[in-house]
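**Student:**
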Amino acid sequence: MQQAELIIAYLKGELQGEQRQEFEQRLSAEPDLRSAVRDYRIILEGFKGLRHESTLQEISGWPLEATPDDQELLLMAYVEGTLDTDAREAFERTMDRDPDLRQRVETQMAISQGFKGLQHEAFAREVKGWAEALPGAETPKETKVVPLKRKSNTWRYAAAAAVLLLIVAAFWLINVPGGEDFSYSAFRQENYIPPVDLTDRGNGEEVLAAAARDFNQGNYAASVEKLRTITSEDSLYVTARYWMGHGFYQLGQYDQAVAAFGQSLEPTAGITYDLRNFSRDNAAWTRILAQIARVDGEEDPGLRRELENFLTDFLENADRSDTYYNKALELQRNLANDDQ
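Numbering (this note's numbering), first residue to last: -17 to 322.
1) Alpha carbon to alpha carbon, what distance is there between Ala59 and Arg86?
2) If you draw a straight line from the C-alpha of Val225 to the C-alpha of Leu297, how long is it?
3) For the alpha helix (DSSP H) containing Phe260, name the first residue and the last one.
4) Could you check where the alpha helix (DSSP H) with Glu222 kicks off and where it finishes?
5) Give every residue of the same chain whose Cβ lies closer than 7 Å to the Cβ of Ser303, excluding the five residues on either side of it in the sequence, and list them in chain order.
6) Can you find the residues in the same chain that come closer than 6 Å, C-beta to C-beta, to Ala239, ignoring five residues on each side of it along the sequence?
7) Under DSSP, the alpha helix (DSSP H) around Ser205 begins and ends at which residues?
8) Judging by CA-CA distance, which residue of Ala168, Asn198, Arg195, Pro81 is the nearest neighbour of Leu15?
9) Is there a C-beta anywhere in chain D that falls below 9 Å from the one on Ala192?
10) So, for Glu312: in the same chain, excluding its five sequence neighbours on each side, which residues have a beta-carbon less than 6 Å away from its beta-carbon?
11) Let me make sure I understand the geometry here. Which of Phe5, Gly244, Glu6 has the alpha-carbon closest to that of Val220?
12) Just confirm the distance between the C-beta atoms of Val206 and Ser261, as a whole number of angstroms; I'd bet it's less than 8 Å.
13) Under a Cβ-count criterion, where at least 16 other Cβ atoms within 10 Å of its own Cβ denotes burial, should Thr250 be classed as buried or exposed?
14) Let me know the secondary structure DSSP gives Asp295 once reduced to three states.
15) In this structure, how does DSSP classify Gln(-2) when only helix, strand and coil are distinguished?
16) Does the pairing of the segment 202 to 216 with the segment 186 to 194 give three or more beta-carbon distances under 8 Å?
17) So Leu247 and Ala266 are in contact, right, with Cβ under 8 Å, and what is the actual spacing, rounded?
18) What does the alpha-carbon distance come out to for the pair Gln53 and Thr67?
19) Where do the ends of the alpha helix (DSSP H) carrying Glu188 lie?
20) Would you report the Cα separation of Asn316 and Glu71, rounded to the nearest angstrom?
21) For Ala318, collect the residues of the same chain with a Cβ closer than 7 Å to its Cβ; drop the 5 residues on either side in sequence, then sort them by chain order.
22) Between which two residues does the alpha helix (DSSP H) containing Val338 stretch?
23) Can you grab the Cα-Cα spacing for the pair Asp216 / Thr305, in whole Å?
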């Protein structure tokens, strides 16, 4: 298989056994491959959004020329992530009261995500090739994707110009066995972020430094054993449990990973901890990924509820401008689709 075919097969859950294991080992070792998989997931999620009837009706109803009103400008700015904090929060409160507006936002987000990939010439050529490979398909006409512009409908016109090509390719890509299923394993592999690097800490903290070196060299079991010696009374306990959670995660011991991250997020009260090498968002996010691994393939509703609780807590406390927050929203949408 070509790399593009491997990525698509992986995202659709079609890689099995040794082939899947080999691909996931490459994902762990190759940042460029992880980036490519994330890009392809954006496109495939955009395809799924385009298949919904409400989305197609929205596209078909776009005027060829229009002057956007204030709400339309706010909607576009929200989707593009350019609103300041106060304006974003005010708009989200409006969405809470207006289900129709929320539906429009979700539609625009799906379309916007799908067309981000088409702004890359190489990917646009690839999608065109998929469409041309369909039995009896005619060669799609050339499309031009224009840059997104503030306060205009330009990005809508770009989407409209390419939408037929997308729908044809999407029909082929998504309407196959397994194409609608959310892949827990793929999501985890794409969205794992290693622990923050240690700062220069000086003498007296050799255990933590040695454990971090073991972790960075792939000696996860040795790293975990060193970190076990740092007790809850030590000022480095939170950081040690944070790194231990990552060590257990890499070892595939997800129950222990969830527990270790929980201990780093809710340490013993009354003790002042050194948090220079601790990222609360990263700990909470990787705990979610570990819980995903626990849920994957299991029928225990308790594990699913625990995942949903972790996710809800994360979304309530994370910085909305942070990368992790957007990843959590993506996960929430996928889980909702998975339940349908």
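Every residue, glycine too, gets a C-beta built ideally from N, C-alpha and C.
**Tutor:** According to the structure shown:
1) One alpha carbon belongs to Arg86, the other to Ala59, and they sit about 13 Å apart.
2) The displayed chain sequence assigns Trp, not Val, to residue 225. Each residue's Cα considered, the two are about 23 Å apart.
3) Premise fails: Phe260 is in no alpha helix (DSSP H) and is neither H nor E.
4) A quick correction: the sequence has Ala, not Glu, at residue 222. It spans 219 to 233 - the alpha helix (DSSP H) in which Ala222 sits, taken as one unbroken run.
5) Once the five neighbours on either side are set aside, Ser303 has no close Cβ partner at all.
6) Sequence-distant partners of Ala239 (beyond 5 residues in either direction) whose C-beta falls short of 6 Å from its own C-beta, in its chain, are Gly227, Phe230, Tyr231, Ala272.
7) First-last of the alpha helix (DSSP H) with Ser205: 202 to 209.
8) Nearest option by C-alpha distance: Ala168.
9) Among the chains in the structure shown there is no chain D, since it carries only a single protein chain.
10) So the list is empty, once near-sequence residues are dropped.
11) When only C-alpha atoms are compared, the closest one is Gly244.
12) With 8 Å as the limit, Val206 and Ser261 do not qualify as a contact, their Cβ atoms being about 19 Å apart.
13) By the neighbour-count rule (16 or more Cβ atoms within 10 Å), Thr250 is not buried but exposed.
14) Correct three-state label for Asp295: helix.
15) Looking at Gln(-2) - three-state DSSP - the assignment turns out to be coil, as it is neither helix nor strand.
16) Flag = yes, the segment 202 to 216 and the segment 186 to 194 touch.
17) Separation of the CB atoms of Leu247 and Ala266 is rounded to 6 Å, and the pair is thereby assigned contact status at 8 Å.
18) Approximately 17 Å between the Cα atoms of the pair.
19) Unbroken alpha helix (DSSP H) run through Glu188: 188 to 198.
20) Cα to Cα, the separation comes out at about 23 Å.
21) Shown here for Ala318: not one same chain residue has a beta carbon closer than 7 Å to its own, the five before and five after excluded.
22) The first residue shown for the chain is -17 and the last is 322, placing residue 338 beyond what the model contains.
23) Rounded to the nearest angstrom, the two C-alpha atoms are 31 Å apart.
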